[in-house]
Structures are given as C-alpha cells and as structure tokens.
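Right, one structure below, let's go through it.
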Amino acid sequence: MGAVKSKRMPRAVREQQMLDAAVRTFGQRGYMAASMDEIAELAGVSKPLVYLYLNSKEDLFTACIRREAKALTEAIRVGVHTDLPADRQLWEGLLAFFTHTARNPDAWSVLHLQARTHGEPFAAEVAEMREEIVAFVTQLIVVAAREAHRDPDLPEREVAGLAEALVGAAESLAAWANTTPGVTAKQAAATLMNFAWAGLGDLMEGRPWSAGSPSPGSLSSGSPPSGSPSSV
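For the sequence shown, the numbering used here assigns the number 86 to the initial residue and increments by one for each residue that follows.
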C-alpha cells in the first residue's frame, strides 16, 4: 500500500500561519533582530516559501501591521454598543482595547513599538489605524456633549484634543499594563476611565477647569463651583 498523501493546505491558511509566526517573532525580538529563517522555522515552512508568499521582510512586516491594526480596530468597534449612554460606550471601548492588547501582546508590540521606530512606511500604516481610533473616540465625546444638553457644540479643536489625549493615554497604559505583572485589562480600563471621565463629565456639564479658578478648599459658602461658566 502506498503512502497516503496529506491534504494540501490552502494558501490563505498557510499565509496566516506565516503571519502568526512573524508577529510573534517581530513582537518579541524586534524588527531588526528578527530573521526570515526564524520566522520560517516557527511557521513550519521553508524560507523560500515565505519569500514566495510575502516577497520580502519589509512586505511581511507591513502585512503584519495591517492585519493587527485591522484586528484591533474591529475589536473596539465590535465591543461598543451604540445604544448605550456615552460613558458606557467609552467604557466598553476602553475595555475592548485593553482586552485585545492584553491577549495579543506581541501584536501590540509590533504596532506600538516596532512599527513606529523603523521607518516612515511602517509608521504611516500605524498612523492610519490611530486616526481611525481617534475619530471613533471623537464621536463618543460629541455624543456625550449632546446627551448632557449643556454644550452640544464643543469647539472642534477641543474635541479633537481630548480624543488625541485619551488615545495617547490608552496606548501608554496598554504598554505599561502588558509589562506589569498582575494588571488586568479591566483594571487598566477602569484606571483610564476614572482618570478621563471625571474630567469629561464636568466638561459636558458645563464645568470646565480654569487656571484662574480657586481650589475647592478655598471656596466660600455660596460661591460658584470651580470651573463653572461664571468663573471661567
């Protein structure tokens, strides 16, 4: 009896195996230190096959960035229920973000560290993903302002700045959480939610902070609250 031939693996499946191996290698060793030999061995294929499918190390790294960026943005969008109040939407978005980055630390290393430090083409791929996330957060802030019925038309520059600050904080916190033992995705999300929403909540209610406002301890009875419209 002749040997039974194994079923040939579809190209799409084999390519995903290569990308899985590449993300792991790039994430743990860095772009410069990672070798195509190591990636091929981890994927269980020959190095020529990796080149045949993905052309070069640069193209392979770009494919990793695109796949992981798409996975992260989709995880955030799927995790948010748009029929909930704005604060719950923001909470769900943060939880989805930190859950995904915690479950995929190598992918987050590729996106947050490696891609940004190895040339403009790679950095541009990540910047596109980041712009999409910032736009999503911007819309949540706009919705929150409308729900407050106080200031439904916050200045565009202020909203954009708030979204940029929130996304930047989330990125830094995810990098910290992934390297700090014992920090869960839920804890990281709660930390940023407590930090961000306390201030956003006051802003939506028409109580922005002002450098000229007195500290809470110096308020006399009957004085307007710090940062209220009358004190700005």
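For glycine and all other residues, C-beta sits at the position ideal for the given N, C-alpha and C.
Handout entry: Straight-line Cα distance separating Gln272 from Pro206
Key = Your numbering for residue 206 matches position 121 in the sequence shown. Your numbering for residue 272 matches position 187 in the sequence shown. Taking the straight line joining both Cα atoms gives about 34 Å.
Practice task
Answer yes or no: do Ala187 and Cys149 have a C-beta to C-beta separation smaller than 8 Å?
Solution key: Stepping through the sequence shown from its first residue, residue 187 is reached at position 102. Stepping through the sequence shown from its first residue, residue 149 is reached at position 64. No.
Handout entry: Alpha carbon of Ala274 to alpha carbon of Arg93, nearest angstrom
Key = If you number the sequence shown from 1, residue 274 lands on position 189. If you number the sequence shown from 1, residue 93 lands on position 8. If you take the alpha carbons of Ala274 and Arg93, they lie about 43 Å apart.
Handout entry: Nearest neighbour of Glu210, chosen from Met121, Gly129, Thr147 [CA to CA]
Key = Counted from its first residue, the sequence shown places residue 210 at position 125. Of Met121, Gly129, Thr147, the residue nearest in Cα terms is Thr147.
Problem - Alpha-carbon to alpha-carbon, Val244 and Val130 - result: Taking the first residue of the sequence shown as position 1, residue 130 is located at position 45. Taking the first residue of the sequence shown as position 1, residue 244 is located at position 159. Near 49 Å, if we compare the C-alpha coordinates of Val244 and Val130.
Practice task
List the endpoints of the continuous alpha helix (DSSP H) containing Ser120.
Solution key: Here the question's residue 120 lines up with position 35 in the sequence shown. Segment: none, Ser120 is in no alpha helix (DSSP H) and carries neither H nor E.
Exercise for the section: To the nearest angstrom, report how far apart Leu139 and Glu153 are at their CA atoms. Expected result: Against the sequence shown, residue 139 aligns to sequence position 54. Against the sequence shown, residue 153 aligns to sequence position 68. Using only the alpha carbons, I get a separation of about 16 Å.
Practice task
Using 10 angstroms around the beta-carbon of His166, count the other beta-carbons present and answer buried if the total reaches 16, otherwise exposed.
Solution key: Here residue 166 refers to the residue found at position 81 when the sequence shown is read from its first residue. His166 is exposed by the Cβ-count criterion.
Practice task
Measure the beta-carbon distance from Gln102 to Asp191 and round it to whole angstroms, keeping in mind my assumption that it falls under 8 Å.
Solution key: Working through the sequence shown from its first residue, we reach residue 102 at position 17. Working through the sequence shown from its first residue, we reach residue 191 at position 106. With a Cβ gap of about 15 Å, Gln102 and Asp191 do not count as contacting.
Handout entry: Inter-residue Cα distance where the pair is Pro95 and Leu134
Key = Numbered from its first residue, the sequence shown carries residue 95 at position 10. Numbered from its first residue, the sequence shown carries residue 134 at position 49. Their Cα atoms are separated by approximately 13 Å.
Exercise for the section: Reducing DSSP to helix, strand and coil, say where Arg296 ends up. Expected result: As a working note, residue 296 is residue 211 in the sequence shown. Here residue 296 turns out to be Ala, not Arg, going by the sequence shown. Coil.
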